[in-house]
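What follows is a set of notes on a single structure, which appears directly below.
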Amino acid sequence: MDVIHKIGRRKTAVARVYLAAGTGKITVNKKDMTDYFSTGTLQYKVNQPLVMTNNDGNFDITVNVYGGGITGQAEAIRLALSRAMCEVDAENRLILKPEGLLTRDPRMVERKKFGQKKARKKFQFSKR
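Residues 11 to 138 in this note's numbering are what the sequence shown spells out, letter by letter.
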């Protein structure tokens with residue numbers, strides 16, 4: 011099997027996933043996945059496409075991810091892995107599509123407006 015390369019994005023995070031036949035080792039930015047993603051929730055998000063398609067332990071996965079926060083990075087990796095699973099076997103698309111794992115989440119951070127505290131929040135009005 012050749013190496014499969016896919017890209018996933020979420021907010022400002024970009025993940026490049028390289029999938030090769032192997033023993034199930036996941037490396038994120040040259041660290042073990044359990045070291046990079048300390049919480050079980052984030053580890054679950056990363057493993058979700060592999061578990062749903064019964065491919066956990068079949069591939070060695072190398073991930074380069076940058077930008078955004080830790081949750082955005084985990085969800086970017088999940089999208090890239092879902093796309094890679096579809097390339098491995100077209101049947102996997104029927105499993106992943108109804109769960110929404112092949113859809114890129116379009117929500118982005120709204121810009122801060124001038125004269126306001128944040129995007130929507132206003133400065134407090136005081137009557138003295």
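Where a beta carbon is used, it is the ideal one built from N, C-alpha and C, also for glycine.
Element boundaries [alpha helix (DSSP H), containing residue i]
{"i": "Arg88", "result": "80-98"}
{"i": "Asp70", "result": "From DSSP, Asp70 is part of no alpha helix (DSSP H) but of the beta strand (DSSP E) over 69-76."}
Spatially closest choice to residue i from the options, by CA coordinates
{"i": "Gly18", "options": "Leu91, Ile105, Pro116", "result": "Leu91"}
{"i": "Asp70", "options": "Leu89, Asp12, Ile36", "result": "Ile36"}
{"i": "Leu60", "options": "Asp45, Leu29, Met11", "result": "Leu29"}
{"i": "Gly110", "options": "Gly77, Arg88, Arg121, Lys40", "result": "Arg88"}
{"i": "Ile14", "options": "Arg121, Cys96, Gly77, Met118", "result": "Cys96"}
{"i": "Gln83", "options": "Thr51, Phe133, Ala31, Thr33", "result": "Thr51"}
{"i": "Asp115", "options": "Arg20, Lys16, Asp12, Met11", "result": "Arg20"}
{"i": "Thr72", "options": "Gly79, Arg138, Gly32, Gln126", "result": "Gly32"}
{"i": "Glu120", "options": "Asn74, Lys16, Asp12, Thr22", "result": "Thr22"}
{"i": "Gly77", "options": "Ala25, Asn65, Met11, Phe133", "result": "Ala25"}
{"i": "Met43", "options": "Met118, Ala100, Phe135, Ile80", "result": "Ile80"}
{"i": "Leu106", "options": "Asp45, Asn65, Gly34, Tyr46", "result": "Asn65"}
Collapsed DSSP secondary structure at residue i in the structure displayed
{"i": "Arg26", "result": "strand"}
{"i": "Gly50", "result": "helix"}
{"i": "Thr33", "result": "coil"}
{"i": "Gln134", "result": "coil"}
{"i": "Lys123", "result": "coil"}
{"i": "Met62", "result": "helix"}
{"i": "Lys107", "result": "coil"}
First through last residue of the beta strand (DSSP E) which encompasses residue i
{"i": "Arg20", "result": "14-20"}
{"i": "Thr113", "result": "Careful: Thr113 lies outside any beta strand (DSSP E) and carries neither H nor E."}
Bridge partners - residue i, DSSP secondary structure assignment
{"i": "Asp42", "result": "Thr37"}
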